[in-house]
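To keep things clear, I will list the structure first and then write my remarks on it.
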Amino acid sequence: MRSLSLALVLLVPALVLATPTRRAVCSKGRVALHSSCCVWFDVLDDIQANLFDGGECGEEAHESLRIAFHDAIGFSPALTGQGKFG
């Protein structure tokens, strides 16, 4: 039993490392797991260059994060019926 456990401990990492992974080279030499993901690097570049005052973390960035996290509170109809909000 002990030799079987040892064999599994040695075999599993070897199989994982031997599994081929496909990668796609995107614009500017960046690498993604699939070629369909390369478009997101272009979106990232556009956001960083043209949104939030040229990449500056000002009020626009603060408001965007706030709406995504702070204001994204869900309300339960069951709890609202009990007078509990938030």
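Mapped onto mature numbering (1 follows the signal peptide of the UniProt record, and there is no 0), the consecutive letters of the sequence shown carry residue numbers -18 to -1, 1 to 68. For every residue, glycine included, the Cβ atom is placed at its ideal position computed from N, Cα and C.
Whole angstroms are fine: how far does the CA of residue 63 sit from the CA of residue 30?
Residue mapping note: residue 30 aligns to position 48 of the sequence shown, counting from 1. Residue mapping note: residue 63 aligns to position 81 of the sequence shown, counting from 1. C-alpha separation (whole angstroms): 44 Å.
Under 6 Å Cβ to Cβ from residue 8, same chain only, skipping five residues before and after it: list those, please.
One-based indexing of the sequence shown puts residue 8 at position 26. Around residue 8: 14, 20, 23.
Residue range of the alpha helix (DSSP H) that residue 46 falls in?
For this step, residue 46 is matched to residue 64 along the sequence shown. Taken as a continuous stretch (DSSP letters only), the alpha helix (DSSP H) holding residue 46 covers 41 to 47.
Roughly how many angstroms separate the alpha carbons of residue 32 and residue 46, rounded to a whole number?
For the purposes of this step, residue 32 is taken as residue 50 along the sequence shown, with counting starting at 1. For the purposes of this step, residue 46 is taken as residue 64 along the sequence shown, with counting starting at 1. Each residue's alpha carbon lies about 15 Å from the other.
By how many angstroms is the C-alpha of residue 38 removed from the C-alpha of residue 6?
In the sequence shown, counting from the first residue as 1, residue 6 sits at position 24. In the sequence shown, counting from the first residue as 1, residue 38 sits at position 56. Between residue 6 and residue 38, the C-alpha separation is close to 30 Å.
CA nearest to the CA of residue 18, picked from 51, 4, 28:
Counting from one through the sequence shown, the residue named residue 18 turns up at place 36. It is 4 whose Cα lies nearest to the Cα of residue 18.
To the nearest angstrom, report how far apart residue 48 and residue 61 are at their CA atoms.
Locating residue 48 in the sequence shown gives position 66, counting from the first residue. Locating residue 61 in the sequence shown gives position 79, counting from the first residue. Those two C-alpha atoms are separated by around 24 Å.
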